[in-house]
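**Q**
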Amino acid sequence: MSELTANHFLVLSAALFIIGMMGVLTRRNVLVIFMCVELMFNAVNVSFIGFAWEQNSLVGQTFALFIIAVAAAEAVVGLGIIMALSRRLDTVDIDKVRELRE
Amino acid sequence: MPVVELVRPEWGLIVPELILLGTIVVVLAGDLILSRRQHSVLTWVALAGLALSLLSNLTIDWDAGRSTFNGMFQADYFSLFINIVVGVAGILSVMISSSYVEGGEEPEGLPWPEYLALLLFSILGTMLVGAAGDLLMIFLGIEMGSLAVYALTGFARRRATSLEGALKYFLLGAFATAILIYGMAWTYGATGTTALDEIAARLRPVITGEGGIEASLLLALLLLAIGLGFKIAAVPFHMWTPDAYQGAPTPVSGYMSVVPKVAGFAAMARVLVQALGPLSDSWLTLIAILALATMVYGNVVAIAQRDVKRMLGYSSIGHTGYILVGLAAYSGMSADDRSVSSVLFYLFSYAFMNIGAFGVVTWLQSRGLGVTLDDFRGLATRSPLAAIAMTVFMLSLMGLPPLLGFYAKYYVILAAVQVGLIWLAVAVVVMSAVSAFFYLRVVAVMYFNEPVGDWKTQRTPLLGTGLALMAIGTLVFGLLSSPLLDLAQKWVQAFGVA
Amino acid sequence: MLQGYAVIGLMLITAILMGSVLLLLGRLVRPYRPTPTKLQPYESGIPDVDPPKTRYTPRFYIVAMLFVIFDIEAIFLYPWAVSFVPLGVYGYVTAVVFLTILLAGLLYEWKKGALEWV
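Line by line, the protein sequences are chains Z, G and F.
Residue numbers for the first sequence follow my numbering, so the first one is 279 and each next one is one higher.
Residue numbers for the second sequence follow my numbering, so the first one is 1041 and each next one is one higher.
Residue numbers for the third sequence follow my numbering, so the first one is 10 and each next one is one higher.
1) Can you tell which of G:Gly1229, G:Met1279, G:Pro1424, G:Val1400 has its C-alpha closest to the C-alpha of leucine 1259 (chain G)?
2) Using a Cβ cut-off of 8 Å (strictly closer), state whether valine 1043 (chain G) contacts chain F.
3) Of the residues G:Ala1255, G:Leu1243, G:Gly1358, G:Val1336, which one's Cα is nearest the Cα of valine 1311 (chain G)?
4) Between the Cα of alanine 330 (chain Z) and those of Z:Glu377, Z:Leu288, Z:Glu281, spot the shortest distance and give me the residue it belongs to.
5) Is the CB-CB distance between valine 1141 (chain G) and tyrosine 1155 (chain G) below 8 Å?
6) List the endpoints of the continuous beta strand (DSSP E) containing glutamine 339 (chain Z).
7) If you measure beta-carbon to beta-carbon, which residues of the region 340-355 of chain Z are closer than 7 Å to chain C?
8) Relative to the C-alpha of aspartate 1377 (chain G), which residue among G:Ala1157, G:Ala1429, G:Gly1536, G:Phe1446 is closest?
9) For a test of the three-state rule: what should DSSP assign to serine 1139 (chain G), helix, strand or coil?
10) Residues in its own chain within less than 8 Å of leucine 1437 (chain G) by CB, not counting five upstream and five downstream?
11) Measure the beta-carbon distance from threonine 1431 (chain G) to methionine 1135 (chain G) and round it to whole angstroms, keeping in mind my assumption that it falls under 8 Å.
12) Alpha carbon to alpha carbon, how far is phenylalanine 1277 (chain G) from leucine 317 (chain Z)? Give it in angstroms, no decimals.
13) Give a yes or no on whether the minimum CB-CB distance between glutamate 1183 (chain G) and chain Z is below 8 Å.
14) Please state the DSSP three-state secondary structure of arginine 1242 (chain G).
15) Could you name the residues of chain G that isoleucine 297 (chain Z) contacts, counting a contact when the two beta carbons are closer than 9 Å?
16) Whose CA, out of G:Val1482, G:Tyr1222, G:Ser1119, lies closest to the CA of phenylalanine 295 (chain Z)?
17) Exposed or buried, aspartate 1101 (chain G), counting other C-beta atoms within 10 Å across all chains shown (16 or more means buried)?
18) By Cβ distance below 8 Å, which residues in the same chain neighbour proline 1491 (chain G) in space, the five residues on each side in sequence not counted?
19) Relative to the C-alpha of glutamine 1529 (chain G), which candidate in G:Val1459, G:Asn1339, G:Ser1382, G:Leu1425 has its C-alpha closest?
20) May I ask you to report which of helix, strand or coil DSSP gives asparagine 323 (chain Z)?
21) I want to know whether the region 1088-1108 of chain G touches the region 1119-1134 of chain G - three or more CB-CB distances under 8 Å.
22) Looking at the structure shown, is valine 289 (chain Z) part of a helix, part of a strand, or coil, going by DSSP?
23) Within 10 angstroms of the Cβ of tyrosine 1117 (chain G), are there 16 or more other Cβ atoms? Answer buried if so, exposed if not.
24) If valine 322 (chain Z) and alanine 1225 (chain G) are in contact, beta carbons under 8 Å, what's the gap, nearest whole angstrom?
25) Using a Cβ-Cβ cut-off of 8 Å, state whether lysine 120 (chain F) counts as contacting chain G.
26) Considering Cα atoms alone, identify which of G:Leu1192, G:Gly1070, G:Ser1093 is closest to glutamate 1057 (chain G).
27) Return the bridge partner residues of threonine 1108 (chain G) from the DSSP annotation.
28) If distances are taken between C-alpha atoms only, which option among G:Leu1257, G:Ser1297, G:Pro1147, G:Gly1052 comes closest to tryptophan 1323 (chain G)?
29) Which residue wins for smallest C-alpha separation from proline 1049 (chain G), given the options G:Gln1114, G:Ala1429, G:Trp1084?
30) My guess is that tyrosine 1390 (chain G) and alanine 1448 (chain G) are in contact by the Cβ rule of under 8 Å, so how many angstroms apart are they, rounded?
31) Short check: CB of valine 1018 (chain G) to CB of isoleucine 1363 (chain G), under 8 Å?
32) DSSP on alanine 1538 (chain G), reduced to helix/strand/coil?
33) So the candidates are G:Gly1105, G:Lys1301, G:Gly1399, G:Val1341; which of them puts its Cα closest to the Cα of phenylalanine 1270 (chain G)?
34) Let's see if you can read the secondary structure: which residues bound the alpha helix (DSSP H) around proline 67 (chain F)?
35) Report the residue from G:Ala1333, G:Pro1291, G:Val1532 whose alpha carbon sits nearest the alpha carbon of serine 1139 (chain G).
36) Let me check understanding here. Comparing Cα to Cα, which of G:Ile1428, G:Pro1523, G:Val1466, G:Val1483 lies closest to isoleucine 1512 (chain G)?
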C-alpha cells in the first residue's frame, strides 16, 4: 500500500467521476449540475495523468491540458446561458424550467 | 539539451479549413467595422468563403491519403466527403437563416455577424472531426462544433424557450462530453496511444490472442459509444433533442439537425471503425440495438406532435436510427463493405431534406404564421411553390422513390442485407411506413384544408432560392446517386491505410 | 467477451449501489429540524432587503467569464516554457502566433464593448 501505483489514480478518478455523475442525475439546481459536470471533467484529467504516469508518456498530460482549456470554454458558454436564463425566469431550479412541452 | 526534431506541417492539406478560418476572421472584423445597415454584406462573404472552401478541396490529392501535424490530421477520402457534406449544409443554412435573423423574427432581433461567425465555427469544428487522426482532434473538433451550436440554440436570448432549449442541450451535451473523454482516457490506458491507426494496430494482436478482451477496453468502448450516442441523439440518450429543436430559432434547428449529427457520425466512424474496428464483434450488436430503439421511438412519438418543429425533432431521432443501421452493417475493411459509405450518403441526402423542411417553416414564420400543423393549412393556395417544396421534402424524408431520401434508405437497407441483418432492414421499411403517417399529414393539411390566420406578403429572395436549390437537389441527386456513392465507397481506402 | 461485460456490469452495479447507499445513508442519519432562523440566508447577520438580482450589474459576470477564458489559455504556455530551449525559434514563432490569436480575441472584446464599465 505504501507504493504509489496507477491504480490509486484510477480509483480516485473513478470515485470523482461517479460522484459527479450521481450529482448530475440527482441535483435540481442548474449551477450544481454544472459543477458536477466540471467535476467529471477533472476526474477524467486525473485518469489521463495516471495513465500517462504509468506509461511514462506525455500524450496523456497533453490531453489533460486540452481538457482543462476546453472545460474553461465550456464553462463560459454554459454560464452565459445559465445567467441569461436565470435573469429571465428568476430561477435556477431545473424543474421550474419547463415551458417547452409536447 | 537535445534539439527536438520538429516536423513541419503540410499546410497544403488543410487549405479548406484555413479558408473557412479566414472567412470567420473577416466576418468578425466586419462586425466591428461595418455599421448595422451594412451587415448583410457579410452574408455574401460567408457564402463566398464556404463556396471557396468547397472548391479548394480540388487542390488536394486525396488519393495519397496523407496525414500531417504528426498524424493529427488526415486528408483522405472520408474527410473529403465530410467536407463536402458540411460545406453544402453550411451554404444552405446561411441561405435559410439570413431573412429570419435579419428580418427580426425574434424579439429585439439578433446580431447577424455573430450568428454567422458561430455557424462557421461549428462547420469548421465538424470538418476537423472528419479529418481527425487522433482522439484529441476528435474531442477538440466536437467541442468546437458543439459550443458554437449551444450558443446558437440560445441565440434568441429575449425568448425564454430558446434559452431553455439551449440549457438542456448544453447540460446534456457537457455531460456527454465528460463520458466521451472518460472513454478516451480508458482507450489511452488500455492501448497506450491516442492515434487512431495506432490504436487499431495495437488491438489486432489482442483480438487473435487467447485471453479474450480486457474489461478496460470494453469499458472504454461502452463509454465512447454512450458519449457519441448523446451527440447524435440516439435513444436512450435523446432527451435533449425535442426541446432543443423546438426552442432554437428555426433556421438553427435545421442546421443542428444536420451538422452536429454529421460530426457525431464522423466521430463514430473514425473511432469505432478506424480505431476500434478490430473490436467490431463487441460493438456491432450494441449499435444494432441502438439503431432499432432509436428509429422505433423517434417515429412513433413523432406521430403525436402538433408543433412541426418538435415533430421534425422526433423525426430526426428516427433518421438517426436509420443511419445507425448503416454503421451496424460494418463487416470489415473490404472493398465491398457498404457500411460507412451508406452512412455518408445518408448524411449528404439528409442535409438537403431536413434543412429544406426547416426552411419552409422559416418561410411561414417570415409571413407571420406560427410553427404548428394548423399554420400549414391551405399553404397550397397561398404559395403553391412553397407547398410543392414542402411536399418534396416530406416525401423524401418518408423515403418515396425516386427522391433522394429513398436512395439514402435503399443503400442503408442494402448494406444491412449484405451482412445478413434482415431484421434491421425490415425494421427500416416498417418504420418508413409508420413515418408516412406524420409526413403525409403535413402534405394533406397543405392541400386539403382552408387557410387560416393572416398572411403578410414578404420578399425573401435568398430563402426562396435556397428552398428551390434544396428541392431541386432532392429531386436530382437521387438519380445521380451512383457517382456520389462511388466517392463515399472510397472510405475503405481512407481507413485501410494503417 | 461476455465475461468482460460482466466485469463492467459488476462495476456499474457497485457504483450505483455506492452512490445510492451514500445518498440514502445521509438522508437517514442527518437530523432535519428547520426553524425560521435556520432558513435565513445569514443566521447571524442582517437579512437581505432586496433580491440580489438588483445589486449586481451583469458586468461582473461578463468580466468573470472573460477572466476564466484568458486565465486558462495561459496553460498552453507552460509546456512551451518547460521546453523553451529545445523548441528553439520554431517554438517561439508558434507561441507568438498563439498569443496573437489571443490578442485578437481581446481586441474583439474591447471593440464589442465587453470591457466598458458603465
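For each residue, glycine too, the CB sits at the ideal point set by N, CA and C.
**A** Let me lay it out:
1) Within the second sequence, numbered from 1, the residue matching residue 1259 (chain G) stands at position 219. Checked all of G:Gly1229, G:Met1279, G:Pro1424, G:Val1400; the closest Cα to leucine 1259 (chain G) is G:Gly1229.
2) Here the question's residue 1043 (chain G) lines up with position 3 in the second sequence. Only weak support exists for where valine 1043 (chain G) lies, its pLDDT of 48 falling under 50; the coordinates are left without a value.
3) To locate residue 1311 (chain G), count along the second sequence from 1; it is residue 271. Closest by alpha carbon: G:Leu1243.
4) Residue mapping note: residue 330 (chain Z) aligns to position 52 of the first sequence, counting from 1. The residue with the shortest Cα to Cα distance from alanine 330 (chain Z) is Z:Leu288.
5) Position 101 of the second sequence, counted from the start, is the residue given in the question as residue 1141 (chain G). Position 115 of the second sequence, counted from the start, is the residue given in the question as residue 1155 (chain G). Cβ atoms of valine 1141 (chain G) and tyrosine 1155 (chain G): closer than 8 Å.
6) Position 61 of the first sequence, counted from the start, is the residue given in the question as residue 339 (chain Z). Element bounds for glutamine 339 (chain Z): not the beta strand (DSSP E) but the alpha helix (DSSP H), 337-367.
7) Here the protein chains are Z, G and F, and chain C is not one of them.
8) Reading the second sequence from its first residue, position 337 is the one you call residue 1377 (chain G). When only C-alpha atoms are compared, the closest one is G:Gly1536.
9) Residue mapping note: residue 1139 (chain G) aligns to position 99 of the second sequence, counting from 1. Here serine 1139 (chain G) sits in helix by DSSP.
10) If you number the second sequence from 1, residue 1437 (chain G) lands on position 397. Excluding residues within five positions, the ones whose Cβ falls inside 8 Å are Ser1355, His1359, Met1393, Asn1394, Ala1397, Gly1445, Ser1475, Tyr1479.
11) Working through the second sequence from its first residue, we reach residue 1431 (chain G) at position 391. Working through the second sequence from its first residue, we reach residue 1135 (chain G) at position 95. Threonine 1431 (chain G) to methionine 1135 (chain G), Cβ: 20 Å. No contact.
12) Walking along the first sequence from the start, residue 317 (chain Z) turns up at place 39. Walking along the second sequence from the start, residue 1277 (chain G) turns up at place 237. One C-alpha to the other measures close to 21 Å.
13) Here residue 1183 (chain G) refers to the residue found at position 143 when the second sequence is read from its first residue. Judged by the 8 Å Cβ criterion, glutamate 1183 (chain G) is in contact with chain Z.
14) What you label residue 1242 (chain G) is simply residue 202 of the second sequence in a count that begins at 1. If DSSP states are grouped into helix, strand and coil, arginine 1242 (chain G) belongs with the helices.
15) If you number the first sequence from 1, residue 297 (chain Z) lands on position 19. The premise fails here: isoleucine 297 (chain Z) is roughly 12 Å from chain G at the closest Cβ pair, so nothing lies under 9 Å.
16) Here residue 295 (chain Z) refers to the residue found at position 17 of the first sequence. The candidate whose alpha carbon is nearest that of phenylalanine 295 (chain Z) is G:Tyr1222.
17) As a position in the second sequence, residue 1101 (chain G) is number 61, starting the count at 1. Aspartate 1101 (chain G) should be labelled exposed.
18) Position 451 of the second sequence holds residue 1491 (chain G). Here the set comprises Arg1417, Gly1418, Leu1419, Thr1421, Arg1422.
19) For the purposes of this step, residue 1529 (chain G) is taken as residue 489 along the second sequence, with counting starting at 1. Selected option, being the one with the closest Cα: G:Ser1382.
20) Reading the first sequence from its first residue, position 45 is the one you call residue 323 (chain Z). Correct three-state label for asparagine 323 (chain Z): helix.
21) yes
22) If you number the first sequence from 1, residue 289 (chain Z) lands on position 11. If DSSP states are grouped into helix, strand and coil, valine 289 (chain Z) belongs with the helices.
23) Within the second sequence, residue 1117 (chain G) is the residue found at index 77, counting from 1. Buried is the call here.
24) Here residue 322 (chain Z) corresponds to residue number 44 of the first sequence, with the count starting at 1. Here residue 1225 (chain G) corresponds to residue number 185 of the second sequence, with the count starting at 1. The pair is a contact, with the Cβ atoms about 5 Å apart (cut-off 8 Å).
25) Taking the first residue of the third sequence as position 1, residue 120 (chain F) is located at position 111. For lysine 120 (chain F), the answer is yes, since a Cβ of chain G falls inside 8 Å of its Cβ.
26) The residue labelled residue 1057 (chain G) in the question sits at position 17 within the second sequence. Among G:Leu1192, G:Gly1070, G:Ser1093, the Cα nearest to that of glutamate 1057 (chain G) is on G:Ser1093.
27) Translated into positions along the second sequence, residue 1108 (chain G) becomes position 68. DSSP lists G:Phe1113 as partners of threonine 1108 (chain G).
28) Here residue 1323 (chain G) corresponds to residue number 283 of the second sequence, with the count starting at 1. Per the Cα distances, G:Leu1257.
29) Taking the second sequence and counting its residues from 1, one reaches residue 1049 (chain G) at position 9. For the residues G:Gln1114, G:Ala1429, G:Trp1084, the minimum Cα distance to proline 1049 (chain G) belongs to G:Gln1114.
30) Residue mapping note: residue 1390 (chain G) aligns to position 350 of the second sequence, counting from 1. Residue mapping note: residue 1448 (chain G) aligns to position 408 of the second sequence, counting from 1. Indeed, because the Cβ distance is near 7 Å, the residues count as touching under 8 Å.
31) Only positions 1041 to 1538 of chain G appear in the structure, and residue 1018 (chain G) is not among them; the question remains open.
32) For the purposes of this step, residue 1538 (chain G) is taken as the residue at position 498 of the second sequence. With a pLDDT of 45 at alanine 1538 (chain G), under the threshold of 50, the predicted position of this residue should be treated as unreliable, and no value is reported.
33) Locating residue 1270 (chain G) in the second sequence gives position 230, counting from the first residue. Closest option to phenylalanine 1270 (chain G), Cα to Cα, is G:Lys1301.
34) What you label residue 67 (chain F) is simply residue 58 of the third sequence in a count that begins at 1. Counting along the chain, the alpha helix (DSSP H) containing proline 67 (chain F) begins and ends at 67-82.
35) Your numbering for residue 1139 (chain G) matches position 99 in the second sequence. The shortest Cα separation from serine 1139 (chain G) among G:Ala1333, G:Pro1291, G:Val1532 belongs to G:Pro1291.
36) One-based indexing of the second sequence puts residue 1512 (chain G) at position 472. When only C-alpha atoms are compared, the closest one is G:Ile1428.
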